[in-house]
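Just below is one structure, and these are the notes that go with it.
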Amino acid sequence: MVLERDLVPFWQWLLPSQGSLGALLSFVIIALVLATLALVGGFVVAMVRHGPMVAGDKVYRTVVTGAQELFQISPRRVWALARLAVQESLRRKVLVAFVIFVLILLFAGWFLQTDYQDPAYLHFNFVLTATSYLVLAIALLLSTFSLPADIKSKTIYTVVTKPVRAGEIVLGRMLGFTLIGTVMLLVMGVCSYVFVERALDHSHEVDTATLKDVPEQVNVERAGQSTLDSFHRHNLSLESATESAEEGWYVEPNYGHTHEVETIQRGGRDVLALSGPIGHMQARVPQYGDIRFLDRTGGETDTGISVGNEWTYRSFIEGNSPARAIWQFDNISDSIDEEGLPVVLNVRVFRTHKGVITLGIQGEVYLRNPDTEMQSEGRVFTAKDDQLDLHFFARKLKNTQGEEIDLYDDLVSEDGEIEVWVRCIEPGMYFGFAKPDCYIELENASPLTNFWKAQAGIWVQMVIVIAIGVACSTFVSGPVAMLFTGAFILIGLKKDEFVRIAKGENFGGGAIESAIRMVTQKNMITEFEPGTGIGIVKAIDTVIRYVMQSVAAVLPDFPKFNTARFVAEGFNIPAGYVAQDLVTCLAYVLGLFVIGYFFLRTREVAK
Amino acid sequence: MNEKKAFYRKIGYFVAILLLLIPLYFLSAPATVKSNGGELAQYRLEHNLSQANLGEIDPGSATMRLATLGLRGVAVNLLWGAVNEYKKKEDWTNMMAALEQLSKLQPNFVVFWKFQAWNVSYNVSVEFDDYRDRYYYVKRGIEFLEKGLEYNRDNPQLLWDLGWFIGQKIGRADEHVEYRRLFKEDDDYHREHGDRPISERDNWLVAEDWYLKAVEAVDEKKKDMGRKSQIVFYDSPAMSRMNYSEAIEEEGTFGAKARSAWRRASEAWKEFGEKPIQHSTGPWLRLGDYSLRLSEAEKIRQELYALVPGLHEELVDAQRANLTPAQIEAIDTPVEDRTVQQYSIALEIEDKVKLTPDKFAAEVAKRDPSQAREAQRLALELAEVETRARYIRQYRQTANYDYWESRSEYEQSENALAARESVYAAKQAAEQAEQVVAQQLFEEGFQSWARVLEEYPELIDDGYTGDLIIEDVEAYRDTLDQLGEQIPDDFPLWELIEENDNERKFTDEVARYRQRKAQAGAQGDAGTDSPDGSSNSADDAADQESESSEESNPEQEDGESDAAETEAGLPPSPE
Numbered sequence: 337m338v339l340e341r342d343l344v345p346f347w348q349w350l351l352p353s354q355g356s357l358g359a360l361l362s363f364v365i366i367a368l369v370l371a372t373l374a375l376v377g378g379f380v381v382a383m384v385r386h387g388p389m390v391a392g393d394k395v396y397r398t399v400v401t402g403a404q405e406l407f408q409i410s411p412r413r414v415w416a417l418a419r420l421a422v423q424e425s426l427r428r429k430v431l432v433a434f435v436i437f438v439l440i441l442l443f444a445g446w447f448l449q450t451d452y453q454d455p456a457y458l459h460f461n462f463v464l465t466a467t468s469y470l471v472l473a474i475a476l477l478l479s480t481f482s483l484p485a486d487i488k489s490k491t492i493y494t495v496v497t498k499p500v501r502a503g504e505i506v507l508g509r510m511l512g513f514t515l516i517g518t519v520m521l522l523v524m525g526v527c528s529y530v531f532v533e534r535a536l537d538h539s540h541e542v543d544t545a546t547l548k549d550v551p552e553q554v555n556v557e558r559a560g561q562s563t564l565d566s567f568h569r570h571n572l573s574l575e576s577a578t579e580s581a582e583e584g585w586y587v588e589p590n591y592g593h594t595h596e597v598e599t600i601q602r603g604g605r606d607v608l609a610l611s612g613p614i615g616h617m618q619a620r621v622p623q624y625g626d627i628r629f630l631d632r633t634g635g636e637t638d639t640g641i642s643v644g645n646e647w648t649y650r651s652f653i654e655g656n657s658p659a660r661a662i663w664q665f666d667n668i669s670d671s672i673d674e675e676g677l678p679v680v681l682n683v684r685v686f687r688t689h690k691g692v693i694t695l696g697i698q699g700e701v702y703l704r705n706p707d708t709e710m711q712s713e714g715r716v717f718t719a720k721d722d723q724l725d726l727h728f729f730a731r732k733l734k735n736t737q738g739e740e741i742d743l744y745d746d747l748v749s750e751d752g753e754i755e756v757w758v759r760c761i762e763p764g765m766y767f768g769f770a771k772p773d774c775y776i777e778l779e780n781a782s783p784l785t786n787f788w789k790a791q792a793g794i795w796v797q798m799v800i801v802i803a804i805g806v807a808c809s810t811f812v813s814g815p816v817a818m819l820f821t822g823a824f825i826l827i828g829l830k831k832d833e834f835v836r837i838a839k840g841e842n843f844g845g846g847a848i849e850s851a852i853r854m855v856t857q858k859n860m861i862t863e864f865e866p867g868t869g870i871g872i873v874k875a876i877d878t879v880i881r882y883v884m885q886s887v888a889a890v891l892p893d894f895p896k897f898n899t900a901r902f903v904a905e906g907f908n909i910p911a912g913y914v915a916q917d918l919v920t921c922l923a924y925v926l927g928l929f930v931i932g933y934f935f936l937r938t939r940e941v942a943k
Numbered sequence: 003m004n005e006k007k008a009f010y011r012k013i014g015y016f017v018a019i020l021l022l023l024i025p026l027y028f029l030s031a032p033a034t035v036k037s038n039g040g041e042l043a044q045y046r047l048e049h050n051l052s053q054a055n056l057g058e059i060d061p062g063s064a065t066m067r068l069a070t071l072g073l074r075g076v077a078v079n080l081l082w083g084a085v086n087e088y089k090k091k092e093d094w095t096n097m098m099a100a101l102e103q104l105s106k107l108q109p110n111f112v113v114f115w116k117f118q119a120w121n122v123s124y125n126v127s128v129e130f131d132d133y134r135d136r137y138y139y140v141k142r143g144i145e146f147l148e149k150g151l152e153y154n155r156d157n158p159q160l161l162w163d164l165g166w167f168i169g170q171k172i173g174r175a176d177e178h179v180e181y182r183r184l185f186k187e188d189d190d191y192h193r194e195h196g197d198r199p200i201s202e203r204d205n206w207l208v209a210e211d212w213y214l215k216a217v218e219a220v221d222e223k224k225k226d227m228g229r230k231s232q233i234v235f236y237d238s239p240a241m242s243r244m245n246y247s248e249a250i251e252e253e254g255t256f257g258a259k260a261r262s263a264w265r266r267a268s269e270a271w272k273e274f275g276e277k278p279i280q281h282s283t284g285p286w287l288r289l290g291d292y293s294l295r296l297s298e299a300e301k302i303r304q305e306l307y308a309l310v311p312g313l314h315e316e317l318v319d320a321q322r323a324n325l326t327p328a329q330i331e332a333i334d335t336p337v338e339d340r341t342v343q344q345y346s347i348a349l350e351i352e353d354k355v356k357l358t359p360d361k362f363a364a365e366v367a368k369r370d371p372s373q374a375r376e377a378q379r380l381a382l383e384l385a386e387v388e389t390r391a392r393y394i395r396q397y398r399q400t401a402n403y404d405y406w407e408s409r410s411e412y413e414q415s416e417n418a419l420a421a422r423e424s425v426y427a428a429k430q431a432a433e434q435a436e437q438v439v440a441q442q443l444f445e446e447g448f449q450s451w452a453r454v455l456e457e458y459p460e461l462i463d464d465g466y467t468g469d470l471i472i473e474d475v476e477a478y479r480d481t482l483d484q485l486g487e488q489i490p491d492d493f494p495l496w497e498l499i500e501e502n503d504n505e506r507k508f509t510d511e512v513a514r515y516r517q518r519k520a521q522a523g524a525q526g527d528a529g530t531d532s533p534d535g536s537s538n539s540a541d542d543a544a545d546q547e548s549e550s551s552e553e554s555n556p557e558q559e560d561g562e563s564d565a566a567e568t569e570a571g572l573p574p575s576p577e
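As they're listed, the protein sequences go chains A and B.
Using my numbering, you'd call the opening residue of the first sequence number 337 and step up by one each time.
Using my numbering, you'd call the opening residue of the second sequence number 3 and step up by one each time.
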């Protein structure tokens, strides 16, 4: 699975560690900065209107009352307001979203075909993305229009005349919309799951015309193919009984799944047919390690060499040279698997000459104790380009001297560390790797739970949008709040790009400069003639960039919450990752709630 | 008052809308059974632009275009960007899905189908290491073009590209051996495409079918072939036949099947020669008409010269009288024998001494004004026929017409078939390390080649055949190396090697061979009288030098083909 960002463990993410402040400290710093700005801003405004003494008093009182009110929030009243928000949403025909979702699923079949090599990938990606966009759109519409509409129609007075606090109104809305959104997300999740299951469900029969005896293959009696269904076939072989296994059919995986061969009755005759697909949905649990390389001279290096790909995700090691890719794993013990160590390797092959076209490129993989430097005997393999390939190292192994060793006793260091070394054997050929291309395979998790974890990612996005929407709607009108929140979503979805522009790493300059380029049809690379005009433009752009960087600091990172790719590629979403999302969500809700509270208090209606 | 104002304003808008609807009605009324509809409908009909005329109507596509709410252009841009991004990040499944969506948004943009099909077949396929995966994506590209064809019925560009992909990508890639085998074995593909018998499942034959459909779309259905060269467009079916014949021989099929393949290729080439092709300047030509045009020109020329008997010779003599002896010697020397100096002298004075039909007609008019009109008519006619002959010659060179014409003919001969079969068997034997058998088979093969060259001597220096045979001679030399032997003096293709060793792979062998030959000659002279008065080594070397300088001067070759015209009385036209 391609992971362009590292999966950081939860505590490492939360607390300060090497080179990183940690999420908690970052949150506190941002909160303090925002609070200071708000206090100073509030004071300045009040000072202009009432003079410095009164301003100081007002600010002090606002803060103190605010702090008191925040601690006096009544869950009962919040719940009552939340119910009100739910009722309001239902009245505003929020359920129409279901109809749209069902329509999308109905028509999805037109565009989503199953003739791709990995149909499950596409289907999961699609349903999760569709759900996420739809839920975000609903969250946006519900949260931004509710309060301004109440204020405009003055129905808010029926609420504020009751003994409720501004904080409760804000929190009640957030909770109510979250509740309705959650229910919708649950139902959409179930629909999506059923849709994918049904879309991918198919079976084949054994194409008896293709079945042939294969005396040249060991342990295989007959081999052939299945019928063509859902745009693909499977190769089948009837494997003869051995000491360890009974006679049985082997169905070669294709299009990301396999089947079992079963005998069914048809027209009073026994027919060999294939079961429904197995393995479309998986939740592999990888344990990743740290990667480093040896270059062609055997020197240690952080990355391998580039073969000229524009995408620099993977780097390469040269064949028939001392170059190696090395992964170091920790927490290794026989609790992973008493029988041995399942190492999964994904190799990207790069050839500098044709070689033998019909043959794959050979490599070697071996295990090494980082402390004692003892190595297992190398295992030669033929690279399956860009496919997960399981190398199971049995517990009883031989070292390079041919002596028998125990994997866990001899190759794992006292700190529980082990290294996997990989080399390419053939000259002129290269193997490319990134950190996630080698992992220890742990026991699979439940695919269904994994699916719901991905939904949790969408839920987090939804809650953040609701929080932003409600907070915005406390101080601006509905349409403006919608535009503001919509902009937040759009920029959040493209946060990487936004940050790149904010840091000035893009081509074509900042906002004003690129606008000038567009109007004058000047390309992104050509430099402007130096002059006062362009100097001013660049100066303004620098200021805008600082503002953008500040915005980027508080901008929700929506792509990070989107974990559809894990489900689509059949990998478990780590619990720590979900926890990070939930904590991030909590931080946003907390911050936005406080902002919403103070803004609502400034409004006439809620005083 | 205000309310009234607003009401009147609305009425105003409504009336304006109604007024605008009137021209709209005449412009865009749809065609019905009884009427041709409005201007736009007629325009669509006239230019075959309506969706139904272009190809299949796809509700999915229409829905998606509507669903973009007029932002189709933006969506298309984003999707093209996404395709590039997915390609960069090797996310092939999403890339194909994005292509699928794009195809719904711009189904009638032919360049999209061509570009992206190429992207899949040529760029994505090579990203995989397993040739079966590569074949899968080559096929996806081909299927993508077929899908494009559903939306753009009878589009010659897509039809031709299908022929190209199936022919060239499968038949010429590094993996062509495996691709051709996989293509033959691809039951599912062939079942969906007319269920061809196994023997007909050759990629080159399938390609020929698509090319023929493309030609039919242009010729019969009057579709536009775009900016493709007419020669490349029309010679493709025949070239597919040639490639098929070459490919089956490369895979070891000879005898009647190979002969029949070459015969059909030859017939297809002749058909191509008969095909009217429009020259870029306008006139229609047939590449097979070259000799006809030349003899026609000769006939007119004789008629022109006969108007005033003896005038031609007189004018030629008068022109020669103004030339220096060196100049006369230069133009009198046949093009192939000119030295470099003579070549440049001839080139310089060519225009001066050129007796064009115009000049000749003007002279006729002076000498015998009664013949002036007739002379002018004949001169014009001659100029036109000559121009046409020149165009044909240029196009024949582009298509390599002569080479393929003679190749498809000689490949049918017993000797050529025997030569190919023996050399193939020799290579097989060499692979099996049976070098003695290989040597014998190679020699049989080269004997047969020698007979072919005897029958078709023009092949020796046609610039292509020699290269092909030299590759086999290299294999023969490897076999001999392993046996500790050298290419013998009685090897029948020494002349061919001497003529065609452009890459200088046999420089040492040729030098030694010449030395041995010279020594043998010298011994012969010293001992007995040379029976055939064979030339000495110095002469040989000189011959070789002049021949190789000829080889390296392509313009001279061009001049050679102009010899026919020179002989017919006029110097070659400067081109």
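Cβ coordinates follow ideal geometry from the N, Cα and C atoms, glycine included.
| Item | Value |
| --- | --- |
| Classification of residue 854 of chain A by the beta-carbon crowding that lies within 10 angstroms, buried from 16 upward | exposed |
| Identity of the residues DSSP links to residue 593 of chain A by a beta bridge | A:590 |
| Short CB-CB distance (under 8 Å) between residue 696 of chain A and chain B | yes |
| Minimum Cβ-Cβ distance from residue 70 of chain B to chain A less than 8 Å | no |
| C-beta contact flag for residue 767 of chain A and residue 719 of chain A at 8 Å | yes |
| Inter-residue spacing [alpha-carbon to alpha-carbon] between residue 724 of chain A and residue 90 of chain B | 20 Å |
| Buried or exposed by the 16-neighbour rule on C-beta atoms within 10 Å, applied to residue 595 of chain A | buried |
| Near-chain A residues of the segment 123-140 of chain B - C-beta to any C-beta below 7 Å | 130, 131, 132, 133 |
| Contacts around residue 625 of chain A, its chain only, beta-carbon distance under 6 Å, and the 5 residues preceding and following it disregarded | 663, 664, 665 |
| Proximity test, Cβ basis, 8 Å: residue 90 of chain B and chain A | yes |
| Proximity below 8 Å, CB of residue 923 of chain A to CB of residue 531 of chain A | no |
| Pair within 8 Å by beta-carbon distance, residue 464 of chain A and residue 873 of chain A | no |
| Three-state class that DSSP yields for residue 281 of chain B in the structure shown | coil |
| Three-state secondary structure assigned by DSSP to residue 534 of chain B | Since pLDDT at residue 534 of chain B reaches only 43, below the 50 mark, its modelled position is unreliable, and the value read off the structure follows with that caveat. Reduced to three states, the DSSP call for residue 534 of chain B is coil. |
| Identified DSSP bridge partners for residue 616 of chain A | None, per the DSSP bridge assignment. |
| Same chain only: Cβ atoms within 8 Å of residue 161 of chain B, ignoring 5 sequence neighbours per side | 151, 212, 213, 215, 216, 219 |
| CB contact below 8 Å: residue 169 of chain B versus chain A | no |
| Beta carbon proximity, residue 188 of chain B to chain A, threshold 8 Å | no |
| Residue-chain proximity (residue 453 of chain A, chain B), Cβ-Cβ < 8 Å | yes |
| Cross-chain neighbours of residue 564 of chain A in chain B, by beta carbon under 9 Å | 189, 190, 193 |
| Three-pair Cβ contact test at 8 Å for the segment 307-324 of chain B versus the segment 420-438 of chain B | no |
| Cβ of residue 95 of chain B within 8 Å of any chain A Cβ | yes |
| CB contact check: residue 690 of chain A to chain B, cutoff 8 Å | yes |
| Own chain residues within Cβ distance below 7 Å of residue 827 of chain A, not counting five before or after | 834, 891 |
| Under 8 Å between C-beta atoms of residue 622 of chain A and residue 777 of chain A | yes |
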